[in-house]
Amino acid sequence: GAVVSQHPSWVICKSGTSVKIECRSLDFQATTMFWYRQFPKQSLMLMATSNEGSKATYEQGVEKDKFLINHASLTLSTLTVTSAHPEDSSFYICSASKGIGNNYGYTFGSGTRLTVV
Amino acid sequence: GEDVEQSLFLSVREGDSSVINCTYTDSSSTYLYWYKQEPGAGLQLLTYIFSNMDMKQDQRLTVLLNKKDKHLSLRIADTQTGDSAIYFCAEKYDSSNTGKLIFGQGTTLQVKP
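These protein sequence lines map, in sequence, to chains C and S.
If you're matching positions, the first sequence starts at 85 in the numbering used here and goes up one per residue.
If you're matching positions, the second sequence starts at 823 in the numbering used here and goes up one per residue.
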């Protein structure tokens, strides 16, 4: 089955530093990847959609200069939280899909718990 | 705009059936999904249903779709303590042609022994 590996599982960083989260599709080519943010006991909030080789499409209210997304290959997308602050502490989850048409399905990573101190 | 609503909490006894309900607003949705999330983990796809279907059964899971009322439900038969988790319904928001999913708030299922 489709597997998505997300690293790191958790990270603690100091305010002002940047953190990179990786999302890899291990056994399929992910044309489209999605990045979500989840606050405790809340739903997943879509941050951005990225297609391989093109710029990410950000949802309204998400700062693209703050949350840098790179989807350089069909198996890897990265989310970099730049100049992190405590309010960026959250659970970040990626999702990968072979495409958006019909039902290619969505495979989720295991998530990254970011704590900014 | 698109919106997906779920009840927040459900408590059942082990062995009983659980029914988790969901309503959505986008009539153009083609696929609707149920995901399970255990503490500190990502989302695990449980099942999905295509919008031209009324029902789908997969072992202990039964999905019912009422497209007229935009109502989706997930029934878990013979609920076990291992089923305790948060369950999210999601619709594929086809109107945007981005393939993005819109999630409900999640229903916390508590299974008592």
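For glycine and all other residues, C-beta sits at the position ideal for the given N, C-alpha and C.
Source: prediction; values computed, not measured.
query, result
"Starting from the Cα of isoleucine 871 of chain S, find the closest Cα among S/Ala863, S/Phe925 and S/Tyr853 and give me that residue.", "S/Tyr853"
"From the beta carbon of isoleucine 842 of chain S, is the nearest beta carbon of chain C less than 9 Å away?", "no"
"Does DSSP classify glutamate 171 of chain C as helix, strand or coil?", "helix"
"Verify the CB distance criterion: does leucine 125 of chain C have a CB-CB separation below 9 Å to chain S?", "It should be noted that the sequence gives lysine, not leucine, for residue 125 of chain C. Yes, lysine 125 of chain C lies at the interface with chain S (some Cβ there is under 9 Å from its Cβ)."
"Inspect the CB distances between the segment 885-893 of chain S and the segment 163-176 of chain C and report whether three or more fall short of 8 Å.", "no"
"Grab me the residues of isoleucine 177 of chain C's own chain with a C-beta within less than 7 Å of its C-beta, minus the 5 sequence neighbours each way, in chain order.", "Tyr120, Gln122, Leu128, Phe192, Gly193 and Gly195"
"So which residues on chain S does tyrosine 190 of chain C lean against when the C-beta distance must stay under 7 Å?", "Leu923"
"Do glutamate 106 of chain C and glutamine 90 of chain C have their CB atoms nearer than 9 Å?", "yes"
"Flag this pair as yes or no: are the beta carbons of leucine 896 of chain S and leucine 868 of chain S separated by less than 9 Å?", "yes"
"Taking only beta-carbon positions, decide if alanine 863 of chain S is within less than 9 Å of chain C.", "yes"
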